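Chains as they are written, first to last, in this note's numbering: chain A, 637 to 762; chain B, 637 to 762; chain C, 637 to 762; chain D, 637 to 762. Some notes on the structure that comes next.
Number of protein chains: 4
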Amino acid sequence: MSQTIGKKHWAIAEGYIPAWSHGPEPQMESHDTACLLNASDEDAHVSITVFFDDQEAVGPYSLTVPAGRTRHVRFNSLEDPAPVPRDTDFASVIESDVPIVVQHTRLDSRQADLALITTIAFAGDV
Amino acid sequence: MSQTIGKKHWAIAEGYIPAWSHGPEPQMESHDTACLLNASDEDAHVSITVFFDDQEAVGPYSLTVPAGRTRHVRFNSLEDPAPVPRDTDFASVIESDVPIVVQHTRLDSRQADLALITTIAFAGDV
Amino acid sequence: MSQTIGKKHWAIAEGYIPAWSHGPEPQMESHDTACLLNASDEDAHVSITVFFDDQEAVGPYSLTVPAGRTRHVRFNSLEDPAPVPRDTDFASVIESDVPIVVQHTRLDSRQADLALITTIAFAGDV
Amino acid sequence: MSQTIGKKHWAIAEGYIPAWSHGPEPQMESHDTACLLNASDEDAHVSITVFFDDQEAVGPYSLTVPAGRTRHVRFNSLEDPAPVPRDTDFASVIESDVPIVVQHTRLDSRQADLALITTIAFAGDV
């Protein structure tokens, strides 16, 4: 059951954490997420860099996705080296030392009923 | 009319079955789905493995997509070897012995009006 | 301004025309769409085949996307060789004699407020 | 922190600016967006061409994405050589002199609660 699939270099050109929410937390809190799947049998050491419109990129945010696990990382919860600002356009690059798969998802609950988006992120050549 | 298109190895890094629903079943029941298209003229024998954040992967879930057919598989309905838990982050890897195309879709009807997401899954090299 | 980009063979594994709608037509009529872009300087002759869960595939549906044009084709409006049934899972394969780009979009207005999905379709090798 | 990822040639086959909106601007104004990420250490000079169903393509729209920056470009705000019409199907091709990543996003607030879509755009060979 240790299927390796994925790439080591990924990008999400769209990023945005809505500034407010409607409904019970944590499920209905507005969030922007990078879903990381490590289907290999080695731990993945992952670095996320966050890019902005009008300031220098911030990062790396470092985390580990254990072998055979998935981690749905909310940009809302990234704190080190700096929190990701709300109501601000950003983008991100994700690098890993073993192949992973990255999917971008947002839940936006600013209005009475939620909206959702998802896409597989853009995979680099490696 | 037997066009072969697709890959044998796919991944969906995002998976989540909302824990409650609004509106008439089966259409409006919240669901997370892997849509499988087998445009070839041979039956596809498909294995799905489900990955979690904090426990071992579960699978394989086995199913057949006949030649020239599509099957929209709700993760809600997978039972063997174990049901997929609700309100829990997961991810999945899909393997087939003939090329297929995989697309991920969720309908979330937890609030009064539904939300939908879709993306073509990530295709491996084979 | 004649940029050629795309492939000649595409697939959409998810297809579904919601059976009812809310709001003014044509904008708010529930629809499932294949958006076709022909950025080349030759007309594209396109064939769409529709696949089902429990019956033989239907097609080809034939149409032309002129050079340097886009055509957003609602599956709702396909009539020849047969209309696409509502409230029924399907999938599709799109073939063209010149490279095109295909994107799948649905507007679902069954409940009071609309839901939308989109994804670039799966591109074959040619 | 200067990771280069991306391609120089992209396409979005779906484009549509909803003709009306609900809620406070600028966040809740209906918009169709090309999110551009330039993770390289050179400025990207970008040309966007917009394609229609029944008229000649319009462009190029020219803009710069500085090195290490992201720019979320609303089609609503493109003015030169001509504004993009509302309530009209279009598509677009994006070309850059350095590799970038392109993601398509729409916010549709025509009804009381917003709907969102996103997908990574289609990447050409270069």
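Glycine residues also receive a C-beta, built at the ideal position from the N, C-alpha and C atoms. In this text the structure is predicted, and so the values were computed from the model without any measurement.
Cross-strand partners of residue 648 of chain C (DSSP beta bridge): Sequence index remark: in the third sequence, residue 648 of chain C carries index 12 (1-based). As DSSP reads the structure, residue 648 of chain C sits in a beta bridge with C:728.
Alpha carbon of residue 657 of chain B to alpha carbon of residue 656 of chain C, nearest angstrom: Counting from one through the second sequence, the residue named residue 657 of chain B turns up at place 21. Counting from one through the third sequence, the residue named residue 656 of chain C turns up at place 20. Straight-line measurement puts the Cα of residue 656 of chain C at about 19 Å from the Cα of residue 657 of chain B.
Residue(s) in a DSSP beta bridge with residue 752 of chain C: Numbered from 1 along the third sequence, position 116 holds the residue referred to as residue 752 of chain C. Note: residue 752 of chain C sits in a beta bridge opposite C:743.
Test: residue 751 of chain B CB closer than 8 Å to a CB of chain C: Here the question's residue 751 of chain B lines up with position 115 in the second sequence. Taking Cβ atoms only, chain C reaches closer than 8 Å to residue 751 of chain B, which makes this a yes.
Residues in the segment 710 to 730 of chain D having any Cβ partner in chain C nearer than 9 Å: If the cut-off is 9 Å between Cβ atoms, the segment 710 to 730 of chain D has 723, 725, 726, 727, 728 and 729 near chain C.
Reference residue 745 of chain B, options B:715, B:762, B:662 and B:644, closest by Cα: As a working mapping, residue 745 of chain B is identified with position 109 in the second sequence. Closest by C-alpha distance to residue 745 of chain B, out of B:715, B:762, B:662 and B:644, is B:662.
Cβ-Cβ distance between residue 671 of chain A and residue 650 of chain B below 8 Å: If you number the first sequence from 1, residue 671 of chain A lands on position 35. If you number the second sequence from 1, residue 650 of chain B lands on position 14. Contact check for residue 671 of chain A against residue 650 of chain B passes: the beta carbons are separated by less than 8 Å.
Simplified DSSP state of residue 641 of chain C, which is helix, strand or coil: For this step, residue 641 of chain C is matched to residue 5 along the third sequence. Correct three-state label for residue 641 of chain C: coil.
Contact with chain B by residue 738 of chain A, beta-carbon distance below 8 Å: What you label residue 738 of chain A is simply residue 102 of the first sequence in a count that begins at 1. When Cβ-Cβ separations below 8 Å define contact, residue 738 of chain A makes contact with chain B.
Chain C within 8 Å of residue 667 of chain B, Cβ atoms only: Within the second sequence, numbered from 1, the residue matching residue 667 of chain B stands at position 31. At least 8 Å separates the CB of residue 667 of chain B from every CB of chain C.
Proximity of residue 707 of chain C and residue 689 of chain D at Cβ, strictly below 8 Å: Counting from one through the third sequence, the residue named residue 707 of chain C turns up at place 71. Counting from one through the fourth sequence, the residue named residue 689 of chain D turns up at place 53. By the CB criterion at 8 Å, residue 707 of chain C and residue 689 of chain D fall inside the cutoff.
Residue closest to residue 695 of chain B, alpha-carbon to alpha-carbon, out of B:734, B:686, B:680 and B:737: Taking the first residue of the second sequence as position 1, residue 695 of chain B is located at position 59. Taking only the C-alpha atoms, the option nearest residue 695 of chain B is B:686.
Element boundaries [beta strand (DSSP E), containing residue 680 of chain D]: Here residue 680 of chain D is taken as the residue at index 44 of the fourth sequence, counted from 1. According to the DSSP assignment, residue 680 of chain D belongs to the beta strand (DSSP E) that extends over 680 to 688.
Given 8 Å, three or more beta-carbon pairs between the segment 717 to 725 of chain C and the segment 721 to 731 of chain B: The way I'd put it, the segment 717 to 725 of chain C doesn't touch the segment 721 to 731 of chain B; fewer than three beta-carbon pairs between them come closer than 8 Å.
Residues near residue 680 of chain B in its chain [Cβ-Cβ closer than 6 Å; skip 5 each side]: Stepping through the second sequence from its first residue, residue 680 of chain B is reached at position 44. The beta carbon of residue 680 of chain B lies closer than 6 Å to those of 674, 701, 732, 734 and 736 in the same chain, with the five residues before and after it left out.
Residue 698 of chain A, DSSP secondary structure in three states: One-based indexing of the first sequence puts residue 698 of chain A at position 62. Looking at residue 698 of chain A - three-state DSSP - the assignment turns out to be strand.
Within chain B, partners of residue 645 of chain A - CB distance below 8 Å: The sequence position of residue 645 of chain A within the first sequence is 9, counting from 1. Ordered by position in chain B, no residue passes the 8 Å Cβ test against residue 645 of chain A, which lies about 13 Å from the chain.
Inter-residue Cα distance where the pair is residue 645 of chain B and residue 684 of chain C: Within the second sequence, the letter at position 9 stands for residue 645 of chain B. Within the third sequence, the letter at position 48 stands for residue 684 of chain C. Cα to Cα, the separation comes out at about 25 Å.
Proximity of residue 760 of chain C and residue 756 of chain B at Cβ, strictly below 8 Å: For the purposes of this step, residue 760 of chain C is taken as the residue at position 124 of the third sequence. For the purposes of this step, residue 756 of chain B is taken as the residue at position 120 of the second sequence. No, Cβ-Cβ distance for residue 760 of chain C and residue 756 of chain B is not below 8 Å.
Residues that residue 685 of chain A contacts on chain C, provided the C-beta gap is smaller than 8 Å: On the first sequence, residue 685 of chain A is found 49 positions in, with the first residue counted as 1. Simply none; closest approach about 24 Å.
Where residue 714 of chain B falls, given that 16 or more other Cβ within 10 Å makes a residue buried: The residue you call residue 714 of chain B lines up with position 78 of the second sequence. A buried status is given to residue 714 of chain B, since no fewer than 16 other beta-carbon atoms sit within 10 Å of its beta-carbon.
Nearest residue (CA-CA) to residue 718 of chain D, options D:751, D:692 and D:762: What you label residue 718 of chain D is simply residue 82 of the fourth sequence in a count that begins at 1. Ranking the options by Cα distance to residue 718 of chain D, first place goes to D:692.
Alpha-carbon to alpha-carbon, residue 703 of chain A and residue 709 of chain C: Your numbering for residue 709 of chain C matches position 73 in the third sequence. Your numbering for residue 703 of chain A matches position 67 in the first sequence. Each residue's CA atom was taken as its position, placing residue 709 of chain C and residue 703 of chain A some 43 Å apart.
Span separating the alpha-carbon of residue 768 of chain A from that of residue 716 of chain A: Absent from the structure is residue 768 of chain A, since the part of chain A shown begins at 637 and ends at 762.
is_contact[residue 640 of chain A, chain C] using C-beta, thresh 8 Å: The residue you call residue 640 of chain A lines up with position 4 of the first sequence. No, its Cβ sits nowhere closer than 8 Å to a Cβ of chain C.
Residues near residue 638 of chain D by beta carbon distance below 8 Å, same chain, minus five either side: Taking the first residue of the fourth sequence as 1, we reach residue 638 of chain D at position 2. Note that residue 638 of chain D scores a pLDDT of 44, beneath 50, so its modelled location is shaky and nothing firm can be said.
Environment of residue 654 of chain A [buried if 16+ CB atoms lie within 10 Å]: Within the first sequence, numbered from 1, the residue matching residue 654 of chain A stands at position 18. Under the 10 Å beta carbon count, residue 654 of chain A is surrounded by 16 or more other beta carbons and is classified as buried.
Residue 630 of chain D and residue 750 of chain C closer than 8 Å at C-beta: The first residue shown for chain D is 637 and the last is 762, placing residue 630 of chain D beyond what the model contains.
Through-space distance from residue 752 of chain D to residue 754 of chain C, alpha-carbon basis: Walking along the third sequence from the start, residue 754 of chain C turns up at place 118. Walking along the fourth sequence from the start, residue 752 of chain D turns up at place 116. Distance between the alpha carbons of residue 754 of chain C and residue 752 of chain D: 9 Å.
Proximity test, Cβ basis, 8 Å: residue 757 of chain A and chain D: If you number the first sequence from 1, residue 757 of chain A lands on position 121. The beta-carbon of residue 757 of chain A is placed less than 8 Å from the nearest beta-carbon of chain D.
Cα-Cα separation, residue 743 of chain D to residue 711 of chain C: Locating residue 743 of chain D in the fourth sequence gives position 107, where the first residue counts as 1. Locating residue 711 of chain C in the third sequence gives position 75, where the first residue counts as 1. Taking the straight line from one Cα to the other gives about 23 Å.
Environment of residue 720 of chain C [buried if 16+ CB atoms lie within 10 Å]: Stepping through the third sequence from its first residue, residue 720 of chain C is reached at position 84. Under the 10 Å beta carbon count, residue 720 of chain C is surrounded by 16 or more other beta carbons and is classified as buried.
Pair within 8 Å by beta-carbon distance, residue 729 of chain A and residue 643 of chain A: Stepping through the first sequence from its first residue, residue 729 of chain A is reached at position 93. Stepping through the first sequence from its first residue, residue 643 of chain A is reached at position 7. Cβ distance not < 8 Å, so residue 729 of chain A and residue 643 of chain A don't count as in contact.
Per DSSP, the bridge partner or partners of residue 712 of chain B: Here residue 712 of chain B corresponds to residue number 76 of the second sequence, with the count starting at 1. Partner(s): none; residue 712 of chain B has no beta bridge.
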